[in-house]
């Protein structure tokens with residue numbers, strides 16, 4: 001989170017909203033891809049030593065065929081889940097940065113800018129509808145999590 005904030009704070013304030021939004025998306029993407037790459041590399045190194053991979057190599061299968069026919073189906077479900085979970089990660093990251101005032105600035109509309117008004121307990125007590133963006137953020141994040149779980153179950157070759 002501190003790296004997000006530092007990179008987002010470096011964005012010029014005079015940029016248009018769409019340029020700021022894409023810059024935040026790029027910042028979150030640059031930070032977020034490393035975990036997936038590390039796990040995929042580790043999984044590939046583990047699967048490379050499995051019996052089915054060795055058997056395919058002995059029968060003369062090319063490296064590309066081994067990757068496509070044997071390795072990719074073995075960890076495709078993990079990649080699908082990771083990618084569908086990265087969408088809520090981006091949503092929550094953008095919402096957090098906008099809420100803290102480092103992302104999209106008012107009068108542009110973002111869930112984070114809408115939630116800035118809900119910081120004050122007195123304002124929420126008098127205007128409880130200020131928390132409606134929280135409901136949408138939670139619903140969206142849960143929907144993508146359930147979608148990822150469903151896709152993982154559908155793509156699992158060992159089911």
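Residue numbers (UniProt numbering): 1 to 159.
Note that CB positions come from ideal geometry on N, CA and C, so glycine has one too.
Handout entry: Cβ neighbours of residue 52 in the same chain (closer than 8 Å, five flanking residues each side left out)
Key = Within its own chain, the residues whose Cβ lies closer than 8 Å to the Cβ of residue 52, once the five positions on either side in sequence are excluded, are 70, listed in chain order.
Exercise for the section: With a 10 Å radius around its C-beta and 16 neighbouring C-beta atoms as the bar for buried, classify residue 152 as buried or exposed. Expected result: Residue environment analysis places residue 152 among the buried positions, since at least 16 neighbouring C-beta atoms fall within 10 angstroms of its C-beta.
Practice task
Have a look at 20, 14, 2, 38 and flag the residue whose alpha-carbon is nearest the alpha-carbon of residue 103.
Solution key: 20
Handout entry: Among 115, 89, 139, nearest to residue 128 - alpha-carbon criterion
Key = Ranking the options by Cα distance to residue 128, first place goes to 115.
Exercise for the section: Starting from residue 73, follow the alpha helix (DSSP H) in both directions and report where the run begins and ends. Expected result: 72-99
Exercise for the section: Pull up the CB-CB distance for residue 86 and residue 42, whole angstroms please, since I reckon it's below 8 Å. Expected result: Contact flag wrong, Cβ pair sits at about 18 Å.
Handout entry: First and last residue of the uninterrupted alpha helix (DSSP H) at residue 23
Key = In the DSSP assignment, residue 23 falls within the unbroken alpha helix (DSSP H) covering 17-48.
Exercise for the section: Identify, in the order they occur along the chain, each residue of the same chain with its Cβ nearer than 8 Å to the Cβ of residue 56, setting aside the five sequence neighbours on each side. Expected result: 65, 66, 69, 70
Problem - Integer-rounded CB distance, given that residue 117 should sit under 8 Å from residue 123 - result: With a Cβ gap of about 6 Å, residue 123 and residue 117 count as contacting.
Practice task
Throw me the rounded Cβ distance for the residue 111 and residue 146 pair, which I believe falls under 8 Å.
Solution key: The C-beta distance from residue 111 to residue 146 rounds to 19 Å, too long to fall under 8 Å, and the pair is not in contact.
Handout entry: Alpha-carbon spacing of residue 149 relative to residue 76, whole angstroms
Key = Their backbone Cα atoms lie some 13 Å apart in a straight line.
Exercise for the section: Report the residue from 24, 14, 36 whose alpha carbon sits nearest the alpha carbon of residue 91. Expected result: 24
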